[in-house]
Structures are given as structure tokens and as C-alpha cells.
Amino acid sequence: MSDNQNLLAEQRRALILDEVRRRGGVRVNELTRRLNVSDMTVRRDLDALARQGVLEKVHGGAVPVAEASTHEPGFEAKSSLELSAKEDIARAAATMVVPGSAIALSGGTTTYALAHHLLDVADLTVVTNSVRVADVFHTAQRAGGTGGRRPGAPTVVLTGGVRTPSDSLVGPVADQAIRSLHFDVLFLGVHGVSVEAGLSTPNLAEAETNRRLVRSARRVVVVADHTKWGTVGLSSFARLDEVDTLVTDSGLPDRARVEIAEHLPNLVVAGEAAEPSPEPAEPTS
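End of the sequence shown sits at 285 in UniProt numbering; the numbers just go up one at a time, nothing left out.
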């Protein structure tokens, strides 16, 4: 990190959090030098990150929070993290969507970002178990002011179920709704990705609902920023060999890229030149 004097608070805090996670802890005086800001600014940033529960303040600095495998942050807490990475991922993933196709969007802040990029894709059928994702399309429809569904607007199917802290709908009702459906492509947000555990979540009911989503999809695209790599939640719901494409951001370390390339057919690193772009799935007939 260097010459970051003009960074917005949001960007500066993302850099601080990345440094804490990468090094296992930082000191205030180190951050003031590297970010070229005052001691008071750094302490305010650490206070804000500590309130979000993503790091722990200690004397003279901060260390990562040692999360239990059952810890599930709420939507608001997650939505403020890695914003630029999620936006890059969303833009890259949106290019994989074919007009007229049937897609599924799972819960999560990255799929929420993706939904905003799909509003103008014609004739989509969108199945989602995310209240937030469904609301993106609903709000856009109301903003059109036509009093009805505009031509080419997405058809959105929101599953029922029990609401999780991340505003996903899970449980038997959601599972039953998904079981009879078939998607061209599933865009899946995850709590954690690793070689050993595959895709995982801290919520047992969400794990089962995600299994149903994976089984119903012709193609599975995981959208996950680099901080998800190596994270393991309580329950695994899919192996890496069940994933067709991982879309992540340029913060992913080189060693992780090598590991992923050994287990997945496609890795898309959003925001970098010459992104590999897998062929979009054809719509179901």
C-alpha cells in the first residue's frame, strides 16, 4: 500500500482489512505510514471495522477475528466489504447471461450486485431465494412507471422459506420449490471456498437449499471475492468438481490461482486484462 492519501474511507478500510488478514495483524503506526493519513483517521477506520465484526482492535493495532464455523454475518455487515471487487465480479458474470435464458441467483451480496447488471437483459426468467435480489428487480419494475410489466422485463420467481441473517430463504419450502425447476445457469454466492471443503456455509438449512440449486442447474458459476478462498463454514454443500466456473477478483493470490486451476475448468479473474470468458449457456427450449 502506498500513496493512498486520496482514498475514500470505504477503499481505505478495505485495504486495511486486507492487510490485517494477509499479515495476521497490523499496528496503527504502520498503517499511518503506508496510507499517508493521520493516526486519528486510522483509529476511526479500525473502530468502524471492529463495529462490523471483521477485525478485533488490540493495543496499538488490530488482528483478524477468529470466526467460528457457525458464524453467519448479516447482509448489512457483508455488504460494506470488498465493494469494488464485488462490482468487478458482477460485471464479469453478467456477460455470461444470454437473453431469454432461465437463471438462478442464490442469496449473497455478490449476487445482489450481479442482479443490478441484469436489469436490461431481455426476457430472463430469474429464480432466486434471496429477498434482496428479488427486490432489485421489483424496484426497477416499479421505477419504470408503466403500471405493469414492461416488454422484455425479467420474470422473477422468489422461493418461499425461512429467512436467514443474510436475507436468503431456506428450508423445506424453498427446497421443494427448487426441486422441480431446471436452470440454464446458477450464479452462486458462497461463505467459503476451499480444496478440502469445497463450497460451504455456516447455515445448515442454507447448505441443503444450495445443494438443491446446484442439482437443478446445467451450469454452476460461483461468484466469490478473494477473501472467500480458504474459508470453511460449518456445512459443505458442493465439491469443487461440481463447479463449472469461479468468478473472483484480482486480489486472489497466485498460489490460490494455481490450486483452483487444478480443480476447476474455468477461472475468471475480474478486473484483469485478458479475462477468460466461458461460452454462455444456450437457453433451454
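Every residue, glycine too, gets a C-beta built ideally from N, C-alpha and C.
Check your understanding: Residues in its own chain within less than 8 Å of Ala224 by CB, not counting five upstream and five downstream?
Key -> Listed in chain order, the non-local C-beta contacts of Ala224 below 8 Å within the same chain comprise Ile89, Thr110, Gly189, Val190, Val193, Leu246, Val247 and Thr248, local neighbours out to five positions each way being set aside.
Point to revise | Rounded C-alpha distance that separates His59 from Pro253 | key: 29 Å
Practice item. Could you name the residues of the same chain whose beta carbon sits closer than 8 Å to that of Asp39, not counting the 5 residues immediately before and after it, in chain order? Key: Val28, Asn29 and Thr32
Exercise for review: Can you give me the start and stop residues for the beta strand (DSSP E) that Ala62 sits inside?
Suggested key: Gly61 to Pro64
Point to revise | Host beta strand (DSSP E) of Val136 (start-end) | key: Per DSSP, Val136 belongs to no beta strand (DSSP E); it is in the alpha helix (DSSP H), Val131 to Ala143.
**Study point:** As assigned by DSSP and simplified to three states, the class of Glu196
**Key:** coil
Check your understanding: Since Glu208 sits in a beta bridge, which residues does DSSP pair it with?
Key -> Glu208 pairs with nothing; no bridge assigned.
Review point. Are Glu56 and Val65 closer than 8 Å when you measure CB to CB?
Key: yes
Practice item. Would you mind sorting His226 into buried or exposed? The rule is 16 or more other CB atoms within 10 Å of its CB. Key: buried
Check your understanding: Would you say Leu240 and Ala104 are within 8 Å of each other, going by their C-beta atoms?
Key -> no
Exercise for review: Give the straight-line distance between the Cα atoms of Arg34 and Leu49, rounded to the nearest whole angstrom.
Suggested key: Per the coordinates, the alpha-carbon of Arg34 lies some 18 Å from the alpha-carbon of Leu49.
Point to revise | Among Ala256, Ser168, Asp244 and Asn203, nearest to Lys228 - alpha-carbon criterion | key: Looking only at Ala256, Ser168, Asp244 and Asn203, the smallest Cα-Cα distance to Lys228 is reached by Ala256.
Exercise for review: Excluding the 5 residues preceding and the 5 following Gly230 in the sequence, name in chain order all residues of the same chain whose CB lies nearer than 6 Å to its CB.
Suggested key: Ser194
Practice item. Whole angstroms is fine: what's the gap from Thr70's alpha carbon to Asp175's? Key: At Thr70 the pLDDT is 48, less than 50, meaning the model places this residue with poor confidence; the figure from the coordinates comes in the next sentence. Roughly 21 Å between the two C-alpha positions.
Review point. Distance, Cα to Cα, residue 286 vs Ala62?
Key: Missing from the structure shown is residue 286; the chain here goes from 1 to 285 and no further.
Check your understanding: Which two residues bound the contiguous beta strand (DSSP E) that contains Ser180?
Key -> Where Ser180 is concerned, there is no enclosing beta strand (DSSP E), given that its DSSP letter is neither H nor E.
Check your understanding: Which one or two residues does DSSP pair with Gly189 in a beta bridge?
Key -> Val223
Exercise for review: Compute the Euclidean distance between the alpha carbons of Gly152 and Ala85, then round it to the nearest angstrom.
Suggested key: 29 Å
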